[in-house]
Amino acid sequence: MTYVDTIPQPSFRRRAAQLLAASTFACLVTMQAGALATAAESRPNLLFIFADDQAYDTLGAAGNAEVHTPNLDRLAKRGAQFTRCYNQGGWHGAICVASRTMLLSGRSLWHAKAAEPILKSDFQAQGKLWPQLLEKAGYDTYFSGKWHVKADPNKVFTVSRHVRPGMPAQTPAGYNRPTGPDDQKWRPWDTGAGGFWEGGKHWSAVLADDAIDYLDRAAGRDNPFFMYLAFNAPHDPRQSPQEFVEQYPLDKISLPQPFLAEYPYQIGSNRIRDEQLAPFPRTEYAVKVNRQEYYAIITHMDQQIGRILDALEKTGKADNTYIIFTADHGLACGHHGLLGKQNMYDHSVRTPFLIAGPSIKPGEKIAAPIYVQDAMATTLELAGVDRPDHVEFQSVLPLLDGRAGRPLMYGAYTDTQRMISTPEWKLIHYPKINTKLLFHLTVDPLETTDLAQQPEHASKVARLTHALEQMQGELDDPLAKKPAGK
Numbered sequence: 510m511t512y513v514d515t516i517p518q519p520s521f522r523r524r525a526a527q528l529l530a531a532s533t534f535a536c537l538v539t540m541q542a543g544a545l546a547t548a549a550e551s552r553p554n555l556l557f558i559f560a561d562d563q564a565y566d567t568l569g570a571a572g573n574a575e576v577h578t579p580n581l582d583r584l585a586k587r588g589a590q591f592t593r594c595y596n597q598g599g600w601h602g603a604i605c606v607a608s609r610t611m612l613l614s615g616r617s618l619w620h621a622k623a624a625e626p627i628l629k630s631d632f633q634a635q636g637k638l639w640p641q642l643l644e645k646a647g648y649d650t651y652f653s654g655k656w657h658v659k660a661d662p663n664k665v666f667t668v669s670r671h672v673r674p675g676m677p678a679q680t681p682a683g684y685n686r687p688t689g690p691d692d693q694k695w696r697p698w699d700t701g702a703g704g705f706w707e708g709g710k711h712w713s714a715v716l717a718d719d720a721i722d723y724l725d726r727a728a729g730r731d732n733p734f735f736m737y738l739a740f741n742a743p744h745d746p747r748q749s750p751q752e753f754v755e756q757y758p759l760d761k762i763s764l765p766q767p768f769l770a771e772y773p774y775q776i777g778s779n780r781i782r783d784e785q786l787a788p789f790p791r792t793e794y795a796v797k798v799n800r801q802e803y804y805a806i807i808t809h810m811d812q813q814i815g816r817i818l819d820a821l822e823k824t825g826k827a828d829n830t831y832i833i834f835t836a837d838h839g840l841a842c843g844h845h846g847l848l849g850k851q852n853m854y855d856h857s858v859r860t861p862f863l864i865a866g867p868s869i870k871p872g873e874k875i876a877a878p879i880y881v882q883d884a885m886a887t888t889l890e891l892a893g894v895d896r897p898d899h900v901e902f903q904s905v906l907p908l909l910d911g912r913a914g915r916p917l918m919y920g921a922y923t924d925t926q927r928m929i930s931t932p933e934w935k936l937i938h939y940p941k942i943n944t945k946l947l948f949h950l951t952v953d954p955l956e957t958t959d960l961a962q963q964p965e966h967a968s969k970v971a972r973l974t975h976a977l978e979q980m981q982g983e984l985d986d987p988l989a990k991k992p993a994g995k
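Quick note on our numbering: the sequence shown kicks off at 510 and runs consecutively.
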């Protein structure tokens, strides 16, 4: 079985080592003094760009011809695109909290939940969080945007600005809409509605301003930098200037498949906040409007990312900078009758993941499964920092050499949903209602046809159930079956 779409190229690590050796040799030839500055200059800069609620298929580079993402598309062309990137899930409705806690601590889902109450007193105090590990290695660290983690960013980063909450303030008018074409009580470009417009300028544009200002200052420094830029977009309220919404006429918006008026199973999230954004039962019109606004705020964010990438080029440091773009999780936004991300379907558990930088072959598409949180271990390896024992996630760099990824991917939501996936098959389990769903992803990537009740697939369900139970034990899932006598 091959997990990589492209023919394996010469070793990424060998190419990176050659570049580092050449840089080091040049420095030794030209400089005998300033050894510490030389060492700093030889290490790459790290630019991490993080979206909120962005599904894996909402990029032009991912094959979506409806959404306009020219700047993310050019980033994908410059580097590698991992096409099967997953988030492990969440322990409550704010999936972003779990995703970001995992990302910053390096802990897997249930270990991250256990770590959350002591994130400040233990992880932060001992310098074990992602930016702290890089700062110890000589990096200047910078943050702006969404935080939503129980640690103090002002103490975790060298510099932090505009620390944003989990989401911009939503208004009552932003829910249960639109009821029809005449429902105009809430509009994305209404700056009086607060939300992303609070403070007078769209939060995505403010984040880009912050990043550009920091890059201007970093241009004059010798230390390598690590930038963690966390957009609140495209989370609701999905607000953007009117010209971005008008790029997406409703008659050009495809209805997401499968389209359902309401999800048929009670999965513990059917009526939570995210699902209240559109009326029940779902209508084609309401879902299309929600997707129109979703695409518009993604395109607006993409414009801001373009500004950041252009500013990086102007610093003269782009050739020694690795860029990672991903999101905390995906979003249903109308698929399967769902609006939120509190489910185990690919639209909600999978995200984009792009990486570009020195020695990464341009234009690669890699199907090896990874987790969002592998970004942390990846940057540690790029910086030459040993991965600490508490970091459970893995670097993606070996996969750039064509090596196989994880054979199984795990997902969970509270005590109501579990998932295990291979590149070919997915099993979803709803333990509260004793229901299992089976999808053949190779022939049914949109997960439209449940095969679990078909007799010819009974053995597949049994094997995946056994594999899921094994993973639950390995990950200390609270629903894991306890061995006899324990």
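Virtual Cβ for every residue (Gly too), placed ideally from N, Cα, C.
Bear in mind that the values here come from a model prediction, so they are computed numbers and not experimental data.
Taking the Cβ atom as the reference point for each residue, do residue i and residue j lie within a distance shorter than 8 Å?
i           : j           : result
residue 866 : residue 919 : no
residue 716 : residue 738 : yes
residue 618 : residue 598 : yes
residue 891 : residue 553 : yes
residue 574 : residue 565 : no
residue 672 : residue 662 : yes
residue 622 : residue 656 : no
residue 742 : residue 653 : no
residue 916 : residue 927 : no
residue 843 : residue 765 : yes
residue 614 : residue 837 : no
residue 591 : residue 869 : no
residue 798 : residue 878 : no
residue 925 : residue 776 : yes
residue 589 : residue 864 : yes
residue 813 : residue 702 : no
residue 945 : residue 970 : yes
residue 708 : residue 679 : no
residue 984 : residue 811 : no
residue 936 : residue 973 : yes
residue 633 : residue 606 : no
residue 740 : residue 559 : yes
Hey, residue i and residue j are a contact pair by Cβ (cut 8 Å); roughly how many whole angstroms apart?
i           : j           : result
residue 977 : residue 949 : Actually they do not touch by this definition, with Cβ atoms about 17 Å apart.
residue 853 : residue 922 : 7 Å
residue 860 : residue 596 : 6 Å
residue 790 : residue 805 : Incorrect: roughly 25 Å between the Cβ atoms, too far for contact.
residue 586 : residue 872 : 6 Å
residue 846 : residue 778 : That belief does not hold up - the Cβ atoms of residue 846 and residue 778 are roughly 12 Å apart, past 8 Å.
residue 932 : residue 593 : 7 Å
residue 774 : residue 942 : 6 Å
residue 899 : residue 616 : 7 Å
List the DSSP bridge partners of residue i.
i           : result
residue 949 : 934
residue 658 : Answer by DSSP bridge pairing: none, since residue 658 is not bridged.
residue 928 : 920 and 937
residue 736 : 556 and 651
residue 670 : 653
residue 944 : 939
residue 862 : 835
residue 880 : 595
Please list, in chain order, all residues of the same chain as residue i whose beta carbon is under 8 Å from its beta carbon, the five residues on each side excluded.
i           : result
residue 824 : 724, 725, 727 and 728
residue 629 : 659, 660 and 661
residue 603 : 657 and 675
residue 685 : 785, 786, 787 and 788
residue 990 : 978, 981 and 982
residue 569 : 576, 577, 578, 579, 581 and 582
residue 987 : 619 and 924
residue 690 : 794
residue 839 : 562, 563, 564, 565, 596, 850, 855, 856, 857, 858, 859 and 860
Which same chain residues end up closer than 7 Å to residue i when comparing Cβ atoms and leaving out the 5 residues on each side of it in sequence?
i           : result
residue 644 : 650 and 667
residue 697 : 747, 748, 749, 754, 802 and 805
residue 763 : 575
residue 914 : 512, 877, 878, 879 and 908
By Cβ distance below 6 Å, which residues in the same chain neighbour residue i in space, the five residues on each side in sequence not counted?
i           : result
residue 820 : 721 and 724
residue 975 : none
residue 555 : 735, 831 and 888
residue 783 : 848 and 849
residue 808 : 577 and 753
residue 817 : 717 and 720
residue 744 : 561, 562 and 676
residue 827 : 821
residue 882 : 611, 612 and 902
Exercise. Going along the chain, which unbroken runs of the beta strand (DSSP E) with 3 or more residues stay wholly within the segment 772–860?
Worked result: 830–836
Exercise. Fully enclosed by the segment 587–653, which alpha helix (DSSP H) runs are 4 residues long or longer?
Worked result: 604–614, 618–624 and 639–645
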